[in-house]
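Note sheet for the following structure.
2 protein chains.
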Amino acid sequence: MDLYTKHKEILNKSIDALHLRTFFAAYPEHPKAYPEDGDANGRNTFKTHLGRKFEELKVDTSQWIGSEESPYTQEKTGISYPSLTVSEYLEKSKGSLKDWNKVHVTERAGILVESLERFKERFFEVAYATMHTTGQGYMMAFQASGPHAADRAMEAIAGGLEEIRRFPERTTWDKPMGKFNVVLEKKWKAIPRGVSLVIGCSTFPVWNSAPGIYASLITGNPVIVKAHPGAILPIAIVVAEIRNVLRESGINPDICQLAPDTHDKPITKELAEHNDVRIIDFTGNSEFGSYLENLEGKEVFTEKTGVNSAIIDSTTDARKTAANLAFSLTLYSGQMCTAPQNFFIPANGISTPDGTVSYDDFKQLLIDEINGLVDNPKAGPFVLGAIQNANTCDRVKEAGKIGTVVLESRDIQNPMFPEARVMSPSLIEVDSTDKSQFNMELFGPIALLIKTSDTEQAVKLAAQLATEQGAISCAVYCTDNDKKAWMEDELTMAGAPVSFNLHGAIYVNQHAGFSDFHVTGGNPAGNASLTDPKFITRRFSWVGVREMA
Amino acid sequence: MDLYTKHKEILNKSIDALHLRTFFAAYPEHPKAYPEDGDANGRNTFKTHLGRKFEELKVDTSQWIGSEESPYTQEKTGISYPSLTVSEYLEKSKGSLKDWNKVHVTERAGILVESLERFKERFFEVAYATMHTTGQGYMMAFQASGPHAADRAMEAIAGGLEEIRRFPERTTWDKPMGKFNVVLEKKWKAIPRGVSLVIGCSTFPVWNSAPGIYASLITGNPVIVKAHPGAILPIAIVVAEIRNVLRESGINPDICQLAPDTHDKPITKELAEHNDVRIIDFTGNSEFGSYLENLEGKEVFTEKTGVNSAIIDSTTDARKTAANLAFSLTLYSGQMCTAPQNFFIPANGISTPDGTVSYDDFKQLLIDEINGLVDNPKAGPFVLGAIQNANTCDRVKEAGKIGTVVLESRDIQNPMFPEARVMSPSLIEVDSTDKSQFNMELFGPIALLIKTSDTEQAVKLAAQLATEQGAISCAVYCTDNDKKAWMEDELTMAGAPVSFNLHGAIYVNQHAGFSDFHVTGGNPAGNASLTDPKFITRRFSWVGVREMA
Numbered sequence: 100m101d102l103y104t105k106h107k108e109i110l111n112k113s114i115d116a117l118h119l120r121t122f123f124a125a126y127p128e129h130p131k132a133y134p135e136d137g138d139a140n141g142r143n144t145f146k147t148h149l150g151r152k153f154e155e156l157k158v159d160t161s162q163w164i165g166s167e168e169s170p171y172t173q174e175k176t177g178i179s180y181p182s183l184t185v186s187e188y189l190e191k192s193k194g195s196l197k198d199w200n201k202v203h204v205t206e207r208a209g210i211l212v213e214s215l216e217r218f219k220e221r222f223f224e225v226a227y228a229t230m231h232t233t234g235q236g237y238m239m240a241f242q243a244s245g246p247h248a249a250d251r252a253m254e255a256i257a258g259g260l261e262e263i264r265r266f267p268e269r270t271t272w273d274k275p276m277g278k279f280n281v282v283l284e285k286k287w288k289a290i291p292r293g294v295s296l297v298i299g300c301s302t303f304p305v306w307n308s309a310p311g312i313y314a315s316l317i318t319g320n321p322v323i324v325k326a327h328p329g330a331i332l333p334i335a336i337v338v339a340e341i342r343n344v345l346r347e348s349g350i351n352p353d354i355c356q357l358a359p360d361t362h363d364k365p366i367t368k369e370l371a372e373h374n375d376v377r378i379i380d381f382t383g384n385s386e387f388g389s390y391l392e393n394l395e396g397k398e399v400f401t402e403k404t405g406v407n408s409a410i411i412d413s414t415t416d417a418r419k420t421a422a423n424l425a426f427s428l429t430l431y432s433g434q435m436c437t438a439p440q441n442f443f444i445p446a447n448g449i450s451t452p453d454g455t456v457s458y459d460d461f462k463q464l465l466i467d468e469i470n471g472l473v474d475n476p477k478a479g480p481f482v483l484g485a486i487q488n489a490n491t492c493d494r495v496k497e498a499g500k501i502g503t504v505v506l507e508s509r510d511i512q513n514p515m516f517p518e519a520r521v522m523s524p525s526l527i528e529v530d531s532t533d534k535s536q537f538n539m540e541l542f543g544p545i546a547l548l549i550k551t552s553d554t555e556q557a558v559k560l561a562a563q564l565a566t567e568q569g570a571i572s573c574a575v576y577c578t579d580n581d582k583k584a585w586m587e588d589e590l591t592m593a594g595a596p597v598s599f600n601l602h603g604a605i606y607v608n609q610h611a612g613f614s615d616f617h618v619t620g621g622n623p624a625g626n627a628s629l630t631d632p633k634f635i636t637r638r639f640s641w642v643g644v645r646e647m648a
Numbered sequence: 100m101d102l103y104t105k106h107k108e109i110l111n112k113s114i115d116a117l118h119l120r121t122f123f124a125a126y127p128e129h130p131k132a133y134p135e136d137g138d139a140n141g142r143n144t145f146k147t148h149l150g151r152k153f154e155e156l157k158v159d160t161s162q163w164i165g166s167e168e169s170p171y172t173q174e175k176t177g178i179s180y181p182s183l184t185v186s187e188y189l190e191k192s193k194g195s196l197k198d199w200n201k202v203h204v205t206e207r208a209g210i211l212v213e214s215l216e217r218f219k220e221r222f223f224e225v226a227y228a229t230m231h232t233t234g235q236g237y238m239m240a241f242q243a244s245g246p247h248a249a250d251r252a253m254e255a256i257a258g259g260l261e262e263i264r265r266f267p268e269r270t271t272w273d274k275p276m277g278k279f280n281v282v283l284e285k286k287w288k289a290i291p292r293g294v295s296l297v298i299g300c301s302t303f304p305v306w307n308s309a310p311g312i313y314a315s316l317i318t319g320n321p322v323i324v325k326a327h328p329g330a331i332l333p334i335a336i337v338v339a340e341i342r343n344v345l346r347e348s349g350i351n352p353d354i355c356q357l358a359p360d361t362h363d364k365p366i367t368k369e370l371a372e373h374n375d376v377r378i379i380d381f382t383g384n385s386e387f388g389s390y391l392e393n394l395e396g397k398e399v400f401t402e403k404t405g406v407n408s409a410i411i412d413s414t415t416d417a418r419k420t421a422a423n424l425a426f427s428l429t430l431y432s433g434q435m436c437t438a439p440q441n442f443f444i445p446a447n448g449i450s451t452p453d454g455t456v457s458y459d460d461f462k463q464l465l466i467d468e469i470n471g472l473v474d475n476p477k478a479g480p481f482v483l484g485a486i487q488n489a490n491t492c493d494r495v496k497e498a499g500k501i502g503t504v505v506l507e508s509r510d511i512q513n514p515m516f517p518e519a520r521v522m523s524p525s526l527i528e529v530d531s532t533d534k535s536q537f538n539m540e541l542f543g544p545i546a547l548l549i550k551t552s553d554t555e556q557a558v559k560l561a562a563q564l565a566t567e568q569g570a571i572s573c574a575v576y577c578t579d580n581d582k583k584a585w586m587e588d589e590l591t592m593a594g595a596p597v598s599f600n601l602h603g604a605i606y607v608n609q610h611a612g613f614s615d616f617h618v619t620g621g622n623p624a625g626n627a628s629l630t631d632p633k634f635i636t637r638r639f640s641w642v643g644v645r646e647m648a
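Quick mapping for you: the protein sequence lines, in order, are chains H and R. Counting from 100, one number per residue, gives the positions in the first sequence under the working numbering. Counting from 100, one number per residue, gives the positions in the second sequence under the working numbering.
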């Protein structure tokens, strides 16, 4: 059975899911859905990589590089990866373009889903690789770098298959001209844009890279994966499996290459600026993202930084609201692009069914919930994870300069990793008139409490921040329908996705595959809206061919 | 009956047509399909505009400007249009954005199709307005500015309606979590990007502007139509009808504004560079188009110039081939963006069923066919039309410097307009090694004959020109299937649409609505691929809203 036939059912289900947007997952998110010995095997396999050459890419070179370090042990992993020159990557990539374009899109889809099936067998191994490069907690590392990333890849494959099949491959065009007809045979081809560069980030090396990799591949473009020097192994495993399936299918594996670099010798700019690179996917800081967006003649997809707001106007349960927001903020120490940062609370309090909760009382609820979570030895260290980059710790320590510290960040002990870089969230009070203190992203476990004259001021500030600085999420608590409708208009017109009244086991940080578009493209936070058809269609051009019948 | 219900059938047919890509027209192209007195009435109504204020836009201002001149009479039309300041246009546009966004996409579609129905009543009037601004012949002016432009607008409305309805407006997302479910109510909104600027051109003021106008409007963006100072009236009539329907529907007419200017006081840059302008559609020269493409933070759709090739390898009938190409070149004096310019002919001739036709013999056939056409008093002047811009005449006169003139451009008398600016095509021989002479667009009735060592050289040169300079069409004559397949690959990979072996009443210049995408976006000739979904989807962002159920 060919690979397309093998995977046709899941592809069709995935295409449907994109349009239904009800709950759907191609890969279940819970580790328990996978073999019982998966975790132990994955952990062991991960350990075999340490201190070794990562040979699976089967690249012929004498240059091996790598500088990853575990935020849990603060030790080098000692893994090295094959390295080529920028022009070697580009030559190999260009050399594979025409061949890959000749593989029919259904066959490409079959190959790519097969690579996800291989990847699935390594979800646990990738989870440990992710923990020890990004600092994510185990559960997040498993889900975000495993099933959630595979689902995001499946979305791209399904979307690409759908987009390319939306127009007929050929048709007879028969135009009545009165006494005779003009008959043409017409064909349409989805022509790939060219070499695609996917630039990874240090915090979500698979989740944030897989969509771009698979979206470029399904549309016929060869891909160079420039992993972040701090987080190579998780995505290297995925690239290795893509190359394996290509090779087994008799196709040039250099359609998907890994291009690692080190902090000392970065190669990203040289790759990005090269004339042959036509598509760039990037996740990271706004400055570099904007530099990439302004390179001429390239299609650039970005997830940059934003200033995410939480607006608390009224709630059915102030403690539940505080608990939900405390978790959002604590999860992976605020190192998610969707984590809330600016908490807008009205000066005269939050209305609830039990009366008004004053600004100070809500602040205390938030502090209590954060402390309760981080001090719970069975939850705190695992929800917090570790800080990926030591610089983040320095910035947290200096955050006191921004305003009045109402909750100090503390070192929290991780029982399994005594050397882990762990910091609890810091809460800082800032005046609502002091916009220069809160109109920028403060990456990591830093949140600002901003007392506003009323909710209207909060919404205007949040919408303005989204328009000017970007926003990838916005949490709103409000029980008044008219007010909600107005807030929804103001915030969505600023391109900010809005989550109303989340309580319990769902958080503003979470953007679900097959349902949430993620970044909107409607503000400066980036344009990599993962299930927006543009994420696929900007990677190819339609070119028509017609011939006299 | 509401306007959407009224026009639902044609909208659904149009959406189907986009995906079937068999012959379809929402508006029949032949004048005979319209009322018998339509032509006389249209001509008379056109004459009533001359020397008067164009009051139909109902804009309250004391500033009236206009500098149009007829290429047929070389006299000023004397028509003036209401003029505001750039900031006044933008204030009105921004002021209308939220209201228009609140009109449901189906209602927007109904309003926009209704405006096309009103426009249809004025096809003949617009035809005369087009003749006397662009210099197009009557039949082209009727078709291109009337039914063909309306069809292109209908495509945009249908495409927009389809794109925005591709995802559900709302759904219940019900995620099983083991012991309980997380249930969210989710909504998705297509948020318009913002003020849209459509910059018209002097040769196709309706055909090239209507797609961008309607694509921006259907996706919720207000539009400012900056007509070319040389060709305002045709599109002013369309804008007036859009405003009429908006006004009658109780909606702010400033959602669609006309912003005229004059050659002396252009306002395009001031508009384009303004921060509030978020979408730009442009047809015109490459230099200005590239300047627009490089403006930051805007979605820019361009149809720039290209170097279109014709490659003659072999044919079933050399005379028919020469006749077809002669017509393509003569039609509207080569002032179409799709007109062929560089004719590549192999040094050892063209193979035909009757033996090889030598390079010189094919050249002579081409010369004979051009002369036959332009000297035919019943066809020549009407196919040629008039030269829109007097500068084009100067460039034709100087074209002899490029190479060896084998056919001189001549003044041709138009029996109805003795003062018309008419020039027949100039044919110039250039050496295939002298790339600097043929690697640029020579706008107007200038064609180059380039003798190549063989077809392979021709294809390589044509593909390289497309990649480097852009190409919007490519005519190929070849009877060998293997060679054709290879040529198709080389040329489509360079983003050039390919037309094989056109003979008879179909020409490489013609790109049919609901079938041909037009510009591909795959080379520097521009990215305004009219039925590519990107032409619609880049004008809005998907923003999600979710709420705890």
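Note that the Cβ used here is the ideal one computed from N, Cα and C, for glycine as well.
Leaving out the 5 sequence neighbours to the left and right, which residues in its chain are closer than 6 Å to residue i when beta-carbon positions are compared?
i, result
"H/Arg509", "Ser523"
"H/Phe241", "Pro130, Ala226"
"R/His148", "Ile178"
"H/Pro333", "Val225, Ala228, Thr229, Ser244, Pro304, Val305"
If you count every other CB in all the chains shown that lies within 10 Å of the CB of residue i, and 16 or more means buried, which is it?
i, result
"R/Ser161", "exposed"
"H/Ser186", "exposed"
"R/Met239", "buried"
"R/Thr184", "exposed"
"R/His106", "buried"
Counting only the same chain and skipping the five closest in sequence on each side, list residues whose C-beta sits under 8 Å from that of residue i.
i, result
"R/Ser640", "Ala289, Ile290, Arg292"
"H/Gly603", "Lys419, Asn423"
"H/Leu65", "Residue 65 of chain H lies beyond the residue range present for chain H, which begins at 100 and ends at 648; the question has no answer from this structure."
**Request:** Taking 8 Å as the threshold, find out whether the stretch 301-316 of chain H comes into contact with the stretch 376-387 of chain H through three or more Cβ pairs.
**Result:** Touching, yes, given that three or more Cβ pairs across the two stretches are closer than 8 Å.
**Item:** 4 or more residues per run - each alpha helix (DSSP H) lying fully within the stretch 467-505 of chain R
**Value:** Whole alpha helix (DSSP H) segments, 4+ residues: 479-483, 489-497.
**Under 7 Å (Cβ pairs) to chain R, residues found in the stretch 606-628 of chain H** = Within the stretch 606-628 of chain H, the residues whose Cβ lies closer than 7 Å to any Cβ of chain R are, in chain order, Ser614, Asp615, Phe616, Thr619, Gly620, Gly621, Ser628.
**Unbroken stretches of the beta strand (DSSP E), 3 residues or longer, contained in the stretch 512-565 of chain H** = Segments of the beta strand (DSSP E) lying fully in the stretch 512-565 of chain H: 525-530, 545-551.
**Request:** Quick one: which residues of the stretch 386-397 of chain H get their C-beta closer than 7 Å to a C-beta of chain R? List them in chain order.
**Result:** So the list reads Asn393, Glu395, given in the order they occur along the chain.
**Asked** Okay, do the stretch 619-630 of chain R and the stretch 562-569 of chain R touch, 3+ Cβ pairs below 8 Å being the bar?
**Response** The stretch 619-630 of chain R, when compared against the stretch 562-569 of chain R, does touch it at the 8 Å Cβ threshold.
**Asked** Is the stretch 557-566 of chain H touching the stretch 402-419 of chain H, taking contact as three or more C-beta pairs under 8 Å?
**Response** Of all C-beta pairs linking the stretch 557-566 of chain H to the stretch 402-419 of chain H, three or more are shorter than 8 Å, placing the two stretches in contact.
**Request:** Name, going along the chain, the residues of the stretch 189-204 of chain H whose beta-carbon falls closer than 9 Å to a beta-carbon of chain A.
**Result:** The structure shown contains no chain A; its protein chains are H and R.
**Item:** Under 8 Å (Cβ pairs) to chain R, residues found in the stretch 530-549 of chain H
**Value:** For the stretch 530-549 of chain H, which is checked against every Cβ of chain R, not one residue is closer than 8 Å.
**Request:** Indicate whether the contact test is met: 3 or more Cβ pairs, each with one atom in the stretch 483-496 of chain H and one in the stretch 418-438 of chain H, closer than 8 Å.
**Result:** The stretch 483-496 of chain H is in contact with the stretch 418-438 of chain H.
**Asked** Do the stretch 264-280 of chain H and the stretch 244-254 of chain H touch if we need at least three Cβ pairs shorter than 8 Å?
**Response** Because the criterion of three Cβ pairs below 8 Å is not met, the stretch 264-280 of chain H and the stretch 244-254 of chain H do not touch.
**Prompt:** Residues in the stretch 561-579 of chain R with C-beta within 7 Å of chain H's C-beta atoms, listed in sequence order?
**Reply:** Correct list: empty, as no residue qualifies.
**Asked** Which ranges does the alpha helix (DSSP H) cover as unbroken runs of at least 4 residues, wholly within the stretch 315-343 of chain R, from first to last along the chain?
**Response** DSSP runs (the alpha helix (DSSP H)) wholly in the stretch 315-343 of chain R: none.
**Prompt:** For the stretch 221-235 of chain R against the stretch 330-347 of chain R, are there 3 or more C-beta pairs whose distance is under 8 Å?
**Reply:** Yes: at least three Cβ pairs fall under 8 Å.
**Prompt:** Counting pairs of Cβ atoms below 8 Å between the stretch 611-620 of chain H and the stretch 103-123 of chain H, do you hit three or more?
**Reply:** Yes, the stretch 611-620 of chain H is in contact with the stretch 103-123 of chain H.
**Prompt:** In the stretch 632-645 of chain R, which residues sit with their C-beta less than 8 Å from some C-beta in chain H, listed in chain order?
**Reply:** From the stretch 632-645 of chain R, only Pro632, Lys633, Thr636, Arg637, Ser640, Trp641, Val642, Gly643, Val644, Arg645 have a Cβ closer than 8 Å to chain H.
**Message:** Tell me which residues of the stretch 585-609 of chain H have at least one Cβ-Cβ distance to chain R shorter than 8 Å, keeping chain order.
**Reply:** Flagged, chain order: Glu587, Asp588, Thr591, Met592, Gly594, Ala595, Pro596, Val597, Ser598, Phe599, Asn600, Leu601, His602, Gly603, Ala604, Ile605.
**Message:** Can you confirm whether the stretch 590-607 of chain H touches the stretch 265-275 of chain H when touching is taken to mean that 3 or more C-beta pairs between the two stretches lie within less than 8 Å?
**Reply:** In short, these stretches do not touch, since the Cβ pair count stays below three.
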